[in-house]
Amino acid sequence: MSEIPVHPRPRRLSDWINPMEARKVHSLIDKVYQRKNLEVAWERVRANRGSGGVDGISVADFAEEADQHLDRLQAELRAQTYQPQPVRQVSIPKVGKPGEFRNLGIPSIYDRVCQQALLNRLEPIFEPVFDEANFGYRRGRSTHDALRKIWKEIEGGREWIVDADLKDFFGSVDHDKLLTLVAQRIADGRVLGLIKAMLKAGSFGKGRLFPSERGTPQGGVISPLLANIYMHRYIRAFRKYGLDEKCGAVLINYADDFVVLCRRNARQVLDVTRRWMERIGLSLNEDKTCLRNARCESFDFLGYTFGPMYSPRTGGRYNGASPSKKAIKRIKESIRARLRPGNQAPWTEVAAALNRTLRGWANYFCYGSLAKVRSHVDQHVYDRVRHFLRRRHKVAGRGYRQFPEQLVFGELGVVSTQRLSRLPLAHASV
């Protein structure tokens with residue numbers, strides 16, 4: 356009889372790595388281009404849908420010859436001949452800021468599959484290193500977890516808020532510093548070269564090619580992980596300097612957004628944060644960065660507004676959270692887009708698309724003080740649907756009699772956000 360073999364260390368790569376950064380991964384590229392990993396990456400890219408890149412190939416086009424594309428990608432990664440294409444530059448207007456735009460970089464489907472395959476291998480390596488203050492794009496963590504944490508800390512007495520805003524984070528990341536941070540865990544030069552090639556691919560827009568000297572494209576599959584790696588340097592300094600003990604401070608970070616809730620010395624936290632950001636090549640937007648007291652001032656984070664609110668039922672004030680003005684404006688714009696003039700789709704399709712938008716918005720904004728906001732959104736939905744149907748059926752007047760609320764939210768099948776499930780933020784577990 357033979358003994359059962361004993362493995363002295365966990366067999367999974369992510370378990371083998373020491374969370375205290377004592378070990379590195381020396382051979383990883385072969386696991387990136389492993390056929391099964393490429394297939395999983397492609398399925399995730401297909402599930403996320405999205406538009407194509409500069410090569411004009413859509414998700415549907417890629418699916419028709421997926422096996423050939425994956426074979427080519429595997430061969431290029433193995434032979435180190437893979438070269439990412441420039442990302443397609445798209446400008447989207449900023450909500451509430453007429454004339455201002457945010458640049459998105461959309462990689463091709465082929466490059467998105469490669470990024471996803473790389474992400475599949477990098478994520479479990481860096482996940483054990485990330486701090487509990489980091490909530491952005493991590494498995495098992497969500498925006499709602501960050502929001503609940505904020506609520507808990509405010510209720511616990513951390514009412515001084517460092518409301519900080521980074522200036523053009525995704526366009527300011529220093530490539531060399533980022534690669535140095537990645538190299539602290541990854542010793543495979545081929546993987547580091549692959550990441551560098553992705554960062555240096557450039558962007559194409561307005562008929563010309565723009566080089567990428569700094570930054571990581573906002574819209575790339577791997578960009579959220581790279582953002583977490585870069586922000587981890589600030590979080591480590593936050594812990595090392597002991598701001599949590601000196602100032603009773605709690606840091607909550609979500610990708611490039613963060614707030615610090617303090618019991619005292621919030622000015623010191625802000626000054627130290629400003630210096631640390633400059634050291635890693637980032638800067639605070641001074642026009643939007645300030646100190647606030649949550650008991651008497653409001654602040655926005657992840658689409659919510661936290662701060663004092665008025666209760667018409669009791670006539671008093673209380674600390675609460677509700678969807679921000681930007682979030683309300685955004686859902687109104689989405690509703691108008693679904694019910695735009697000239698939309699000739701059958702009503703069942705129009706209603707289904709509208710309901711998906713409303714449910715998605717209501718599922719995210721499901722905590723805090725919602726009654727007034729949801730009533731306002733429902734009224735806007737009713738007004739836009741009524742105008743849409745009045746135009747379609749050429750009804751004279753404003754259409755109140757022909758299309759009453761009971762009909763719109765009943766027989767016509769439009770969902771009411773007031774009737775969708777919601778939870779008060781204070782009752783949510785942290």
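Going left to right, the sequence shown walks through residues 356 to 785 as this note's numbering numbers them. Beta carbons: idealized from backbone N, C-alpha and C, even for Gly.
Can you tell me which of the three DSSP states residue i falls into?
i, result
"ALA390", "The question names Ala, but residue 390 in the sequence shown is Arg. In the structure shown, ARG390 sits in a helix (DSSP, three-state: H, G or I)."
"PHE456", "strand"
"CYS645", "strand"
"ALA377", "Summary for ALA377: the model assigns pLDDT 46, below 50, so the residue's position carries little reliability; its value from the coordinates is reported in the next sentence. If DSSP states are grouped into helix, strand and coil, ALA377 belongs with coil."
"GLY768", "coil"
"SER638", "coil"
"SER724", "coil"
"VAL414", "helix"
"GLN623", "helix"
"ILE577", "coil"
"ARG711", "helix"
"SER426", "Ser is not the amino acid found at residue 426; the sequence shown has Asp there. ASP426: helix per DSSP, three-state reduction."
"ILE359", "Summary for ILE359: the model assigns pLDDT 39, below 50, so the residue's position carries little reliability, and this model does not support an answer."
"SER730", "helix"
By the DSSP assignment, the beta strand (DSSP E) with residue i in it spans what residues?
i, result
"GLY662", "659-665"
"ALA676", "672-678"
"ASN608", "605-609"
"PHE565", "563-565"
"ASP518", "515-518"
"ASP599", "Per DSSP, ASP599 belongs to no beta strand (DSSP E); it is in the alpha helix (DSSP H), 598-601."
"PHE490", "No beta strand (DSSP E) holds PHE490; DSSP gives it neither H nor E."
"PHE758", "Run containing PHE758: none; DSSP gives neither H nor E here."
Can you give me the Cβ contacts of residue i inside the same chain, cut-off strictly under 8 Å, excluding the 5 residues immediately before and after it?
i, result
"THR296", "Coverage of the chain is limited to positions 356 through 785, which leaves residue 296 absent and any answer about it impossible."
"LEU646", "TRP515, ILE516, VAL517, ASP518, ALA621, ARG622 and LEU625"
"MET632", "LEU521, TYR589, SER638 and LEU639"
"SER446", "PHE456, ARG457, ASN458, LEU459 and GLY560"
Return the CA-CA distance between residue i and residue j, expressed in angstroms with no decimal places.
i, j, result
"TYR609", "GLU394", "29 Å"
"TYR673", "TYR665", "7 Å"
"VAL484", "LEU709", "41 Å"
"ALA604", "ALA649", "14 Å"
"VAL614", "VAL627", "14 Å"
"ALA434", "TYR388", "11 Å"
"VAL763", "LEU694", "14 Å"
"ASP599", "GLY512", "14 Å"
"LEU383", "ALA700", "49 Å"
"LEU432", "GLY575", "19 Å"
"VAL577", "VAL750", "It is Ile, not Val, that sits at residue 577 in the sequence shown. Those two C-alpha atoms are separated by around 51 Å."
"GLY407", "ASP611", "25 Å"
"LEU706", "LEU767", "Checking the sequence shown, residue 706 turns out to be Ala, not Leu. Each residue's Cα considered, the two are about 8 Å apart."
"VAL770", "TYR755", "18 Å"
"ILE505", "ARG399", "31 Å"
"ALA430", "ALA421", "14 Å"
Please classify residue i as buried or exposed, where buried requires at least 16 neighbouring CB atoms within 10 angstroms.
i, result
"LEU564", "exposed"
"ASN489", "buried"
"GLN444", "buried"
"PRO696", "exposed"
"TRP702", "exposed"
For residue i, which residues from the same chain have a beta carbon less than 6 Å from its beta carbon, with the 5 sequence-adjacent residues on both sides left out?
i, result
"GLN573", "LEU459 and PHE525"
"ARG629", "LEU639"
"PRO439", "ASP466, ALA552, MET553 and ALA556"
"ARG747", "none"
"PHE758", "ARG741 and LEU744"
Mind checking which residues open and close the alpha helix (DSSP H) that includes residue i?
i, result
"CYS617", "Unbroken run through CYS617 is the beta strand (DSSP E), 612-617; no alpha helix (DSSP H)."
"SER558", "No alpha helix (DSSP H) contains SER558, which is instead part of the beta strand (DSSP E) from 558-560."
"ILE509", "498-510"
Starting from the C-beta of residue i, find all residues in its chain whose C-beta is less than 7 Å away, skip the five residues before and the five after it, and write them out in chain order.
i, result
"LEU554", "HIS530, SER567 and THR571"
"THR687", "First, the amino acid is wrong: residue 687 is Lys here, not Thr. The answer, listed in chain order, is HIS735."
"ALA717", "THR772 and LEU775"
"LYS386", "ASN392 and ARG476"
"ARG569", "GLY526, SER527, VAL528, ASP529 and HIS530"
Check whether the Cβ of residue i lies closer than 6 Å to any heavy atom of the ligand FMN, and answer yes or no.
i, result
"ASP385", "Absent from the structure shown: the ligand FMN. Ligands present: none."
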